[in-house]
Amino acid sequence: MSPGSLKHVIASSHHEKDARGAFRSRYRQLWLYSVCFTAFVSLTPLVIMTFVNFYQYQKTLDEEMRSQISRLTSISRRFMDDFLEEQRAALTYVVKHESYDDLCDQQKLGRIFRDMKESFGGFVDLGIIDSEGNQRSYVGPYDLAGKNYKQQEWFQEVCVRGIYVSDVFLGHRHLPHFVIAVRQHDTASGGFYILRATIDTEVLDSHFASLDLKSSSDAFLINHGGVLQTRPRHHGEVLKQCPIATPPVSSKTEVMEVTTTSGERRILGYAYVEKSPFIFVVLKRPQDTMKNWLLLKSDMLWLLATSIVLIVAVILWSSTSLVNHIRDADSRRDKAIQGVAYTNKMASIGRMAAGVAHEINNPLAIINENAGLLKDLISIEKKPLDTGRLLKIAEAIIKSVERCSTVTHRLLGFAKRMDPATERVELAPLIEEVLGFHEKEAEYRRIAVHFDVPEDPPTIESDLGQLQQVFLNIFSNALAAVDDEGRIDISLEKVDENTVAVTIRDDGSGISERDIEHIFEPFFSTKGDYGTGLGLSITYGIVENLGGRIDVRSKVGEGSAFTVRLPVRRRS
Amino acid sequence: MGRLRILIVDDEEDLAFTMAERLILRGFRCEAMTNGIDALKALSEEHFDVLVLDVKMPGIDGLQMMTEIRQTHPDLPVILITGHGSAADAERGMRAGAFDYIMKPIDIERVIQMIHASTGAKKDEKP
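Listed in order, the protein sequences are those of chains P and Z. Residue 201 in the working numbering is what sits at position 204 of the first sequence, and the numbering runs on without skipping anything. To convert, count from 1 in the second sequence and add 39; that's the working numbering.
Below you can see the structure in the form of structure tokens.
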């Protein structure tokens, strides 16, 4: 093997490797596109739905938790209302059924006090104050006889409103108490007097303790100043400032999120207790209420993660098998095309062989005649041969042999270039060679073939053998299209830096508009039984494969022009 | 009957003249032309007994010549020379009234046989 051909082999194998790399990267890109697209299409709704569900579950759970707190708060508020109403009703009953004089009687009041304590419980003391604010009678643990309350605030209030409920204070035996006072008109004197009772808050404490609360939650009363009125579990001591700010005034039960003075977040449910200084408060830790939510959230996240993993696995599997299928189909198609291309090549070689046979026949006939003449001269004339005449015979034979060898070389050159390879191709000699194949036919049919070779004929990077086939196909079509004494013009020009164009124009029959759409389709032929219908479709395939383009313009009766545009540099 | 006068028309100059020379060596009177126009001119001016005509020629080809000759010289025998694989041309020529055809490369003895047959002379009779 010569160094030159070795270099050629290395170059061509390198080229093949490049092509295979590009081939593989094309399928990788396809695979990537398929994976990304399917993943996007299938995962996006899943993720969106999961997050929408998240949000909705969260909202639902939040609302449920709020309504739970709200219900609890409302129940307790109603309890407080009922409780205070009961106390008030008890006091009102006393003032309505006992006369002022009886109530001012210490002994009678003592009896009433004992009855009430037995019936209602929680009463610590009971006293009557006249309209001037003087303590008229008193039953209880303090010594309050003769005390005057006229200047005290609660006295003013009960005079105006008819009822008064006090804040909680530490009273007898340091137990928290509060006061309820009611005003009653004295029908005898026309003035009024006040029945005032102190009530133990223990009954409230026990009610709040009985509420079914989590250990971390709390329920208690505060007054409008934010001072704790009952004993909370976790949030300070009775009569100390509550660690949350006093919530805004509202006639309804409210639920909101608050931050304690120590910076902890709490869900607060509260309700202002009517006709009293009390606000009922429920405090819950958000963590407790969110516990279910967190559990659900982690379940959903797991489900989401599992789904994503499964979907991605299925996508990867299906994309891989899809791309593999496409690759298999492509390679099958390529093989089929290669087979068809080979058939076409063989067909064009067959067509050429007929032309070649004809071209070789003439010189052979001349050789035959000259050899025959030589024999005749020797056998018929039987006289010494004239050297000049002999020389003429020899020259005729040599000339004919040269003609034969030109034809055989041309044929060999064509057949040799079956393997695709990229090389520098000089287009002008290539086209001239192609025209050479049909020279005789054109001559006999008196077809004028003009090839305009530009001053600086372009050289391109392409596949010589394939280009030869392209031009041979188009040129033989042109020959078939023109009548005898027709005309075929071939032009070669550089369109721009990167493109050259070869136009083969004939003045033949032209192609109808209906046919022109189909001429590059396989098995489309207007030649009837003579054509395979593959020539132009293969030509089209080859030109595309070489990175070029083929256009056709035609008018029936005026002829056709095929323009092959080729890149100056071949792209892999 | 004098020596037969043959006109050979073939665009291959070497072929036409060598063939003519060989026929002359065999006692024929022979003219060689390389195109149809010259040949038609010669036919109109001189007498020929047989016309040996190549089918494929630039300008006026053999078949076109045949149609012309049939009108001017309806009795002139024409022997066609065709290339290999041009059976279709030969067939058309025969239909147009050619006496016979021979394929290239040419066997000169066969041509002479045809000439004799066409002129009605006996094969072994001297021309």
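C-beta atoms are modelled at their ideal positions from N, C-alpha and C, and glycine is treated no differently.
Have a look at H623 of chain P and V165 of chain P and give me their C-alpha separation to the nearest angstrom. No information on residue 623 of chain P is available, as it lies outside the stretch -2 to 569 that chain P covers here.
Hey, how far is the Cα of A475 of chain P from the Cα of V499 of chain P? On the first sequence, residue 475 of chain P is found 478 positions in, with the first residue counted as 1. On the first sequence, residue 499 of chain P is found 502 positions in, with the first residue counted as 1. C-alpha separation (whole angstroms): 14 angstroms.
Throw me the rounded Cβ distance for the L43 of chain Z and V91 of chain Z pair, which I believe falls under 8 angstroms. Indexing the second sequence from 1 puts residue 43 of chain Z at position 4. Indexing the second sequence from 1 puts residue 91 of chain Z at position 52. Taking a contact as a CB-CB distance under 8 angstroms, the pair L43 of chain Z and V91 of chain Z does not count as one, their CB atoms being some 11 angstroms apart.
Contacting residues, own chain, Cβ-Cβ under 7 angstroms from E107 of chain Z (five flanking each side not counted): Counting from one through the second sequence, the residue named residue 107 of chain Z turns up at place 68. Cβ contact annotation for E107 of chain Z (same chain, cutoff 7 angstroms, sequence separation greater than five): L79, in chain order.
Give the interface partners of I377 of chain P over in chain Z, defined as CB-CB distance under 8 angstroms, in chain order. Within the first sequence, numbered from 1, the residue matching residue 377 of chain P stands at position 380. Listed along chain Z are L64, R65, each with a C-beta nearer than 8 angstroms to that of I377 of chain P.
Alpha carbon to alpha carbon, how far is D486 of chain P from S551 of chain P? Give it in angstroms, no decimals. The count along the first sequence starts at 1 and reaches residue 551 of chain P at position 554. The count along the first sequence starts at 1 and reaches residue 486 of chain P at position 489. Separation of S551 of chain P and D486 of chain P (C-alpha to C-alpha, rounded to the nearest whole angstrom) is 14 angstroms.
Where do the ends of the alpha helix (DSSP H) carrying C156 of chain P lie? Position 159 of the first sequence, counting from 1, holds the residue named residue 156 of chain P. Judged by DSSP secondary structure, C156 of chain P falls within the alpha helix (DSSP H) whose first and last residues are 150 to 158.
Under a CB-based cut-off of 8 angstroms, is L115 of chain Z close to chain P? Against the second sequence, residue 115 of chain Z aligns to sequence position 76. False, the Cβ-Cβ gap to chain P never drops below 8 angstroms.
Where do the ends of the beta strand (DSSP E) carrying L266 of chain P lie? For the purposes of this step, residue 266 of chain P is identified with residue 269 of the first sequence, where counting begins at 1. Note that residue 266 of chain P is Gly in the sequence shown, not Leu. 262 to 269 is the span of the beta strand (DSSP E), which, as asked, contains G266 of chain P.
With a cut-off of 8 angstroms, do at least 3 Cβ pairs link the stretch 557 to 564 of chain P to the stretch 534 to 548 of chain P? Contact holds: three or more Cβ-Cβ distances are below 8 angstroms.
C54 of chain Z versus chain P: which residues are under 8 angstroms apart at the beta carbon? Numbered from 1 along the second sequence, position 15 holds the residue referred to as residue 54 of chain Z. First, the residue type needs correcting, since residue 54 of chain Z is Leu and not Cys in the sequence shown. Against chain P, the beta carbon of L54 of chain Z has neighbours under 8 angstroms at N359, A362, I363, E366, listed in chain order.
Indicate whether I377 of chain P and L64 of chain Z have their beta-carbon atoms separated by less than 8 angstroms. Locating residue 377 of chain P in the first sequence gives position 380, counting from the first residue. Locating residue 64 of chain Z in the second sequence gives position 25, counting from the first residue. Yes; because the gap between Cβ atoms is below 8 angstroms, this pair is in contact.
Residues of its chain near H204 of chain P, where Cβ-Cβ distance is below 7 angstroms and the 5 sequence neighbours each way are ignored: Along the first sequence, read from residue 1 onward, the residue named residue 204 of chain P stands at position 207. Taken in chain order, the residues that qualify are F76.
If you run the structure through DSSP and keep just helix, strand and coil, what is Y441 of chain P? The residue given as residue 441 of chain P occupies position 444 in the first sequence. It is helical.
Chain P contact residues for I147 of chain Z, given Cβ-Cβ distances below 7 angstroms: The residue labelled residue 147 of chain Z in the question sits at position 108 within the second sequence. Residues of chain P passing the Cβ test: G369.
Answer with yes or no whether the minimum CB distance from T106 of chain Z to chain P is below 8 angstroms. Taking the second sequence and counting its residues from 1, the one referred to as residue 106 of chain Z is at position 67. Interface residue (Cβ-Cβ distance to chain P less than 8 angstroms): T106 of chain Z is not classified as such.
As assigned by DSSP and simplified to three states, the class of E148 of chain Z: Taking the first residue of the second sequence as position 1, residue 148 of chain Z is located at position 109. E148 of chain Z: helix per DSSP, three-state reduction.
Please tell me whether D480 of chain P has its Cβ less than 8 angstroms away from any Cβ of chain Z. Along the first sequence, one-based indexing puts residue 480 of chain P at 483. Not flagged as an interface residue toward chain Z: D480 of chain P, since no C-beta distance is shorter than 8 angstroms.
Under the three-state DSSP convention, the category H435 of chain P falls into: Here residue 435 of chain P is taken as the residue at index 438 of the first sequence, counted from 1. For H435 of chain P, the secondary structure class from DSSP, reduced to helix, strand or coil, is coil.
In chain order, what residues of the stretch 383 to 395 of chain P put their CB closer than 7 angstroms to some CB of chain Z? Cβ contacts with chain Z come from A393.
How many Å lie between Y140 of chain Z and V150 of chain Z at the Cα? Position 101 of the second sequence holds residue 140 of chain Z. Position 111 of the second sequence holds residue 150 of chain Z. Cα-Cα distance, rounded: 9 angstroms.
Relative to the C-alpha of E366 of chain P, which residue among Z:L82, Z:E85, Z:M58 is closest? Position 369 of the first sequence holds residue 366 of chain P. Per the Cα distances, Z:M58.
C-beta neighbour in chain Z for E586 of chain P, strict 8 angstroms: This structure does not reach residue 586 of chain P, given that chain P is present from -2 up to 569, and the question cannot be answered.
Based on DSSP bridge pairs, tell me the residues matched to S557 of chain P. Looking up residue 557 of chain P in the first sequence gives position 560. For S557 of chain P, which the question treats as bridged, DSSP gives the partners P:S551.
Taking Cβ-Cβ distances below 9 angstroms as the criterion, which residues of the stretch 484 to 518 of chain P are in contact with chain Z? For the stretch 484 to 518 of chain P, which is checked against every Cβ of chain Z, not one residue is closer than 9 angstroms.
Specify the secondary structure class of G233 of chain P as computed by DSSP and reduced to three states. Start at 1 with the first residue of the first sequence, and residue 233 of chain P comes out as number 236. G233 of chain P falls in the coil class under three-state DSSP.
Across which residues does DSSP place Y573 of chain P in a beta bridge pair? Outside the shown range of chain P (-2 to 569) lies residue 573 of chain P, about which nothing can therefore be said.
At which residues does the beta strand (DSSP E) containing N220 of chain P begin and terminate? Taking the first sequence and counting its residues from 1, the one referred to as residue 220 of chain P is at position 223. In the DSSP annotation of this structure, the continuous segment of the beta strand (DSSP E) that includes N220 of chain P starts and ends at 215 to 220.
Go ahead and pull the three-state DSSP assignment for N542 of chain P. For the purposes of this step, residue 542 of chain P is identified with residue 545 of the first sequence, where counting begins at 1. Three-state DSSP puts N542 of chain P in a helix.
Using a C-beta to C-beta distance shorter than 8 angstroms, which residues of chain Z count as neighbours of R407 of chain P? If you number the first sequence from 1, residue 407 of chain P lands on position 410. The contacting residues do not exist; R407 of chain P stays about 18 angstroms from chain Z at best.
Can you grab the Cα-Cα spacing for the pair A354 of chain P / F434 of chain P, in whole Å? By one-based count along the first sequence, residue 354 of chain P stands at place 357. By one-based count along the first sequence, residue 434 of chain P stands at place 437. Distance between the alpha carbons of A354 of chain P and F434 of chain P: 11 angstroms.
Mind listing the chain P neighbours of R61 of chain Z? Cutoff is C-beta to C-beta under 8 angstroms, in chain order. On the second sequence, residue 61 of chain Z is found 22 positions in, with the first residue counted as 1. Contact annotation for R61 of chain Z against chain P: E366, G369, L370, D373 [CB-CB distance below 8 angstroms, chain order].
Since I believe R85 of chain P is in contact with I177 of chain P (beta carbons under 8 angstroms), could you give me their beta-carbon distance rounded to a whole number of angstroms? Numbered from its first residue, the first sequence carries residue 177 of chain P at position 180. Numbered from its first residue, the first sequence carries residue 85 of chain P at position 88. R85 of chain P and I177 of chain P do touch by the CB rule: their CB atoms are close to 6 angstroms apart, below 8 angstroms.
Cut-off 7 angstroms between Cβ atoms - residues of its own chain near K332 of chain P, not counting five sequence neighbours on either side: As a position in the first sequence, residue 332 of chain P is number 335, starting the count at 1. No residues qualify anywhere along the chain.
Between the C-alpha atoms of D526 of chain P and R131 of chain Z, what's the straight-line distance to the nearest angstrom? If you number the first sequence from 1, residue 526 of chain P lands on position 529. If you number the second sequence from 1, residue 131 of chain Z lands on position 92. Because D526 of chain P sits at a pLDDT of 48, beneath the cut-off of 50, its placement in the model cannot be relied upon, and the following sentence gives the value as read from the coordinates. The straight-line gap from Cα to Cα measures roughly 21 angstroms.
Taking just the CA atoms, how far does T184 of chain P sit from V279 of chain P? As a position in the first sequence, residue 279 of chain P is number 282, starting the count at 1. As a position in the first sequence, residue 184 of chain P is number 187, starting the count at 1. The alpha-carbon atoms of V279 of chain P and T184 of chain P are separated by roughly 45 angstroms.
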